[in-house]
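Enquirer:
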Amino acid sequence: MNESEIRQIVEKQRAYFYTGATLPLEGRIRALKKLRTYIREHEAELNQAIREDLGKSAYESYMCETGLVLTEITYMLRHIRSFAREKTVYTPLAQFPSRSFVKPSPYGVTLIMSPWNYPFLLTIDPLADAIAAGNTAVIKPSAYSPCTSRAIRTMIRECFPEEYVAVVTGGRAENTCLLNEPFDYIFFTGSQAVGKEVMAHAARHLTPVTLELGGKSPCIIEKTADLPLAAKRIVFGKYLNCGQTCVAPDYIYCDEEIRDRLVEEIRKQIRKQFGPSPLTNNDYGNIINEKHFDRIMGLIDPEKVVWGGKSDKSTRKIEPTLMNHVTFNDAVMQEEIFGPVLPVLTYDSLDAAIEKINSMPHPLALYLFTSDKQAAKKVMSRCGFGGGCINDTIIHLATSEMGFGGFGESGMGSYHGKEGFRTFSHNKSIVDKKTWLDLPMRYQPYKKFNEKLLHIFLR
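Quick note: the sequence shown uses the numbering used here, first residue 115, plus one each step.
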């Protein structure tokens with residue numbers, strides 16, 4: 115689309131929003147139900163589109179994308195009435211007689227920009243929250259996942275008129291045109307570099323934003339950890355979607371005493387979960403494109419590989435790879451890996467590990483494996499990160515009961531469930547002042563008696 119076409123969509127949505135058509139709850143509920151029905155009826159087609167882009171099996175696509183979206187929509191349908199309800203709050207005596215209340219209200223025309231690694235989940239999850247809150251939405255899926263983007267465009271066109279929800283496909287030119295428009299809210303998921311551009315453009319219109327970014331998420335293995343179980347759960351979280359997950363464990367940071375045993379357990383788990391030849395495993399996906407394939411391969415130091423390292427450029431597959439004796443100076447530690455490469459680093463003391471992690475940019479996630487409750491309390495309290503798990507990986511994002519998001523370099527704002535509804539809502543603070551009595555103390559001319567009353571009310 116060109117700049118003129120994009121502007122027309124935004125103007126059409128703004129006009130539609132100001133008719134009040136998105137405000138009634140029954141209309142929002144119908145829209146969410148329509149979306150849910152379409153996903154259920156076209157699950158196989160959606161899973162196939164995801165497979166064409168990322169090589170994911172139908173099992174993994176449902177577990178990590180379509181199934182999670184259905185869960186979020188169902189959660190919203192269950193709670194939308196309570197989320198949207200006006201909430202009466204305490205009124206100060208000085209404002210008597212009146213009623214004070216908070217009214218959740220939609221922002222208006224929203225922009226949702228999504229990435230390629232979970233192209234369906236990270237597009238439709240925030241869309242469900244935006245619709246539930248009463249907004250219109252322009253969706254911009256990634257150009258790197260064209261099959262899923264086409265499937266999303268087909269779905270949205272069948273479910274909604276363009277003045278309610280619209281899809282804009284394309285690349286950087288379309289992104290720039292969209293960001294030049296005065297949206298009422300921008301929700302972006304992607305890299306830190308692009309996130310900075312989004313925020314800079316939003317600042318021109320003073321548009322509020324949510325940024326879901328990433329970072330190098332550490333996985334701390336304390337010496338009391340159950341190593342076989344830790345290895346099993348780390349391998350699942352790290353190599354899911356070939357490591358192309360924003361909250362995947364980026365690196366292992368373990369106690370020096372247990373490093374060798376942990377490495378051996380991880381090697382066992384890779385073989386167990388992916389077989390002796392992962393490159394021929396049909397349930398193991400591929401890297402999104404050749405550019406990222408080459409970048410990830412450039413991070414692998416063959417001398418430090420203790421499992422994996424092989425690849426097939428024709429299919430864009432890289433084996434689950436484990437690297438040992440890695441330092442913070444190695445190339446693999448200079449950027450977010452976003453691929454199936456897991457480096458192992460060690461620390462001498464847990465306090466030193468905490469200090470090192472806090473000296474680095476805030477990660478989106480942090481994982482700790484330990485049997486020591488005091489160690490868990492120390493790490494969870496003293497380390498700065500978006501969210502995480504104790505004795506597991508990535509599952510903290512798979513619930514609508516908790517907000518998901520980062521802070522600092524890993525993003526700002528959160529969504530999922532109630533937090534998602536809040537993200538796409540502005541809470542209006544309203545005082546409904548009654549007319550049958552009007553206290554005189556605030557009006558001039560000021561009187562001594564009223565001044566005494568004022569000191570009683572305001573203290």
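From the three backbone atoms N, C-alpha and C, an ideal C-beta is built for every residue, glycine too.
In angstroms with no decimal places, state the Cα-to-Cα distance between Pro233 and Leu572.
Expert: Spanning the two alpha carbons is a distance of roughly 53 angstroms.
Enquirer: Distance, Cα to Cα, Gly519 vs Asp364?
Expert: Going by the C-alpha atoms only, they are around 17 angstroms apart.
Enquirer: Determine the contact status of Ala658 and Met190, defining contact as a CB-CB distance below 8 angstroms.
Expert: Shown here, the chain extends from 115 to 573; a query on residue 658 therefore has no answer.
Enquirer: Helix, strand or coil, according to DSSP, for Lys352 in the structure here?
Expert: The answer is helix: DSSP assigns Lys352 an H, G or I state.
Enquirer: Can you check which of these residues, Lys147, Ser391, Phe452 and Glu379, is closest to Gly412 by C-alpha distance?
Expert: Closest option to Gly412, Cα to Cα, is Phe452.
Enquirer: Cβ of Gly285 within 8 angstroms of Cβ of Ala257?
Expert: Taking 8 angstroms as the Cβ cut-off, Gly285 and Ala257 qualify as a contacting pair.
Enquirer: Thinking C-alpha only, which one of Arg375, Glu117, Ile194 and Ala251 is nearest Arg536?
Expert: Minimum Cα distance to Arg536 is reached at Ile194.
Enquirer: Checking 8 angstroms against the spacing of the C-beta atoms, do Lys292 and Ile120 come in under that value?
Expert: Note on identity: in this sequence residue 292 is Leu, with Lys being the wrong assignment. Taking 8 angstroms as the Cβ cut-off, Leu292 and Ile120 qualify as a contacting pair.
Enquirer: So for Ile300, helix, strand or coil by DSSP?
Expert: Three-state DSSP puts Ile300 in a strand.
Enquirer: If we ignore side chains and look at the alpha-carbon of each, how far apart do Arg150 and Pro260 end up?
Expert: Answer to the nearest angstrom: the Cα atoms are 22 angstroms apart.
Enquirer: What residue range is occupied by the uninterrupted beta strand (DSSP E) comprising Lys201?
Expert: That run of the beta strand (DSSP E) goes Lys201 to Val203.
Enquirer: Please confirm whether Gly329 and His476 have their CB atoms less than 8 angstroms apart.
Expert: Taking 8 angstroms as the Cβ cut-off, Gly329 and His476 qualify as a contacting pair.
Enquirer: Quick check on DSSP: helix, strand or coil for Glu295?
Expert: Residue state, collapsed to three classes: coil.
Enquirer: Arg286 bridges to which residues according to DSSP?
Expert: Answer is none; Arg286 lacks a bridge partner.
Enquirer: Report all residues from its chain with a CB closer than 7 angstroms to the CB of Asp486; omit the five preceding and five following residues, and keep chain order.
Expert: Cβ within range, chain order: Glu336 and Thr338.
Enquirer: Is Ser539 buried or exposed, if buried means 16 or more other CB atoms sit within 10 Å of its CB?
Expert: Looking at its Cβ environment, which holds 16 or more other Cβ atoms inside 10 Å, Ser539 is buried.
Enquirer: Where do the N-terminal and C-terminal ends of the beta strand (DSSP E) with Cys497 fall, by residue?
Expert: Unbroken run through Cys497: none, as it is neither H nor E.
Enquirer: Identify which residue in Pro416, Cys333 and Arg556 has its Cα closest to the Cα of Ala490.
Expert: With distances taken between Cα atoms, Ala490 lies closest to Cys333.
Enquirer: Between Asp462, Pro255, Asp506 and Leu459, which has its C-alpha nearest Leu480's C-alpha?
Expert: The shortest C-alpha separation from Leu480 is found at Asp506.
Enquirer: Report the three-state DSSP secondary structure of His510 (helix, strand or coil).
Expert: Reduced to three states, the DSSP call for His510 is helix.
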